[in-house]
Amino acid sequence: MFYGADEPETALAEVRPPVGANVVVAHFKLVRRVRLLDLKAFADILERGSIFDPTYAPRKERALFLEKLLRRMTMPVMPSDEALEYLATQAVADFLASRVEPELDGILFPSVQVPGEKQNVVLFHKAARIKAIKYPKGTKLSVDTGMFNGEEWEHELTVVEEVPPEEPKKQQLPPPFDTFDLGRLQDVDWDTTPDADVRPATLEVDLASLEVRKITGVHFHTNNEKVDRKRIERQLHPLPDEF
1 MFYGADEPET ALAEVRPPVG ANVVVAHFKL VRRVRLLDLK AFADILERGS
51 IFDPTYAPRK ERALFLEKLL RRMTMPVMPS DEALEYLATQ AVADFLASRV
101 EPELDGILFP SVQVPGEKQN VVLFHKAARI KAIKYPKGTK LSVDTGMFNG
151 EEWEHELTVV EEVPPEEPKK QQLPPPFDTF DLGRLQDVDW DTTPDADVRP
201 ATLEVDLASL EVRKITGVHF HTNNEKVDRK RIERQLHPLP DEF
């Protein structure tokens with residue numbers, strides 16, 4: 001599955017990196033239309049009816065269940081409990097991905113790490129494929145982390161794409177009118193490996209937006225409640241001589 005957020009700051013807060021960590025952040029663009037379920041809508045479900053209506057009780061129970069589901073999926077989770085607490089979220093996501101009509105590609109839900117209207121998105125496995133980056137055949141990739149300017153090291157991240165020299169184009173004669181142009185098949189991206197990914201691409205990474213953020217500190221939003229303290233004298237009641 002693909003986990004994302006509507007803003008880089010929200011994505012950083014959701015992964016909760018420690019101070020000193022380096023986090024890669026990028027913007028992903030949709031390359032096709034997707035259908036997402038906004039879980040915030042569950043909070044607005046209101047069932048009206050009569051207690052004498054036999055269909056009212058099941059509808060009311062369903063509305064309460066969906067409201068509780070929203071609270072459960074947006075409940076803050078301690079880092080030590082992530083593996084266990086996220087099982088419920090995973091199970092619900094798997095159900096929505098395969099058992100719901102009309103077919104869904106993912107869900108939207110409020111962020112519990114950032115106050116306000118910030119949102120997270122989950123794309124189910126079937127809709128989580130990222131479009132492959134196309135390079136000329138024989139391209140070599142390397143990363144340059146900076147350079148020494150004679151006095152000090154200048155830190156700068158650069159991805160270098162070393163492409164082979166372009167071959168001179170050969171002049172091709174048009175095929176006879178009554179023959180099948182097999183050369184057109186060379187332009188098709190065929191993947192014949194047994195484990196080929198046949199899912200349609202949903203996302204494309206914006207390479208120009210790629211950046212590495214070094215975590216230098218953490219800021220917390222809090223609701224403070226003062227703790228009062230008082231001392232009272234315990235009253236001793238003598239027991240009677242006889243019960």
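Numbering (the numbering used here), first residue to last: 1 to 243. Even for Gly, the Cβ is constructed at its ideal location relative to N, Cα and C.
Inter-residue CB distance, residue i and residue j (contact presumed, cutoff 8 Å)
i: G106; j: V122; result: 5 Å
i: E204; j: V24; result: Actually they are not in contact, since the Cβ atoms of E204 and V24 sit about 16 Å apart, beyond 8 Å.
i: E162; j: K140; result: 4 Å
i: G4; j: F28; result: 6 Å
Distance, residue j Cα to residue i Cα
i: P238; j: R72; result: 52 Å
i: D53; j: D44; result: 22 Å
i: V15; j: A57; result: 40 Å
i: F216; j: M1; result: This sequence places Thr at residue 216; Phe is not what is there. Whole-angstrom Cα-Cα distance: 29 Å.
i: R35; j: M147; result: 46 Å
i: R129; j: E154; result: 36 Å
i: E61; j: L37; result: 20 Å
i: R199; j: L157; result: 33 Å
i: R33; j: E225; result: 46 Å
i: A11; j: E233; result: 53 Å
i: S142; j: E101; result: 46 Å
i: D6; j: K170; result: 48 Å
i: L104; j: L96; result: 7 Å
i: V212; j: L46; result: 45 Å
i: K230; j: N223; result: 23 Å
i: A13; j: H221; result: 12 Å
i: V188; j: K131; result: Legend: pLDDT at V188 = 47, less than 50; position of this residue unreliable, value from coordinates given subsequently. Those two C-alpha atoms are separated by around 15 Å.
i: I133; j: E9; result: 26 Å
i: A21; j: T145; result: 17 Å
i: L39; j: V160; result: 42 Å
Terminal residues of the alpha helix (DSSP H) in which residue i lies
i: T222; result: Careful: T222 lies outside any alpha helix (DSSP H) and carries neither H nor E.
Start and end residues, beta strand (DSSP E) containing residue i
i: P8; result: P8 -> not in any beta strand (DSSP E); alpha helix (DSSP H) instead, spanning P8 to V15.
i: V121; result: Q119 to L123
i: Y135; result: Segment: none, Y135 is in no beta strand (DSSP E) and carries neither H nor E.
i: L244; result: Missing from the structure shown is residue 244; the chain here goes from 1 to 243 and no further.
Per DSSP, the bridge partner or partners of residue i
i: E161; result: L141
i: K214; result: N22
i: G4; result: V121
i: I130; result: L203
key: Complete runs of the beta strand (DSSP E) confined to the stretch 17 to 71 [at least 3 residues]   = 22 to 30 and 36 to 38
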